[in-house]
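Participant: Have a look at this one.
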Amino acid sequence: LYQTITEVAADLAKGRGCDDAVVAARFKLDAAGFRVDYVAVRDPDTLKPLLGPVKRARVLIAAYLGKTRLIDNVPMPPPVSTSR
Numbered sequence: 004l005y006q007t008i009t010e011v012a013a014d015l016a017k018g019r020g021c022d023d024a025v026v027a028a029r030f031k032l033d034a035a036g037f038r039v040d041y042v043a044v045r046d047p048d049t050l051k052p053l054l055g056p057v058k059r060a061r062v063l064i065a066a067y068l069g070k071t072r073l074i075d076n077v078p079m080p081p082p083v084s085t086s087r
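Each residue of the sequence shown is one higher than the one before, starting from 4 at the first, in the numbering used here.
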């Protein structure tokens, strides 16, 4: 779970859109045997949903592994600058 959530946050920092990052995370978690409750990209201050590429976000995931429900959240790291 932690590996996937940190990958999503890193992808967002590289400019990946929220919807694409969420779909990829769900796919990875499903493939690893999790039953996904939710994957969300939210505004870190208001927790409102975000769309498209973002500059600030918090990634939230909840998923079941067997009967255990796991939850985690991480902040998106600062955006990666591609200019030199």
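Built from N, CA and C at the ideal position, the CB exists for glycine as well.
Note that the structure is a prediction, hence the values are computed from the model and not measured.
(1) Alpha carbon to alpha carbon, how far is K31 from A24? Give it in angstroms, no decimals.
(2) Write down every uninterrupted run of the beta strand (DSSP E) in the segment 7 to 67 whose length is 3 residues or greater and which is fully enclosed by it, in chain order.
(3) Using the Cβ count rule (16 or more neighbours within 10 Å means buried), how would you classify A66?
(4) What is the residue span of the beta strand (DSSP E) that P78 lies within?
(5) Please go through the same chain and pick out, in chain order, the residues whose beta-carbon is closer than 6 angstroms to the beta-carbon of A43, but skip the five residues on each side of it.
(6) Return yes when the Cβ of R61 is within less than 8 angstroms of the Cβ of R45, no when it is not.
Facilitator: To lay it out plainly:
(1) If you take the alpha carbons of A24 and K31, they lie about 11 angstroms apart.
(2) 38 to 45
(3) buried
(4) Per DSSP, P78 belongs to the beta strand (DSSP E) from T71 to P78.
(5) Non-local C-beta neighbours of A43 in its own chain, meaning closer than 6 angstroms and more than five positions away in sequence, comprise L63, ordered along the chain.
(6) yes
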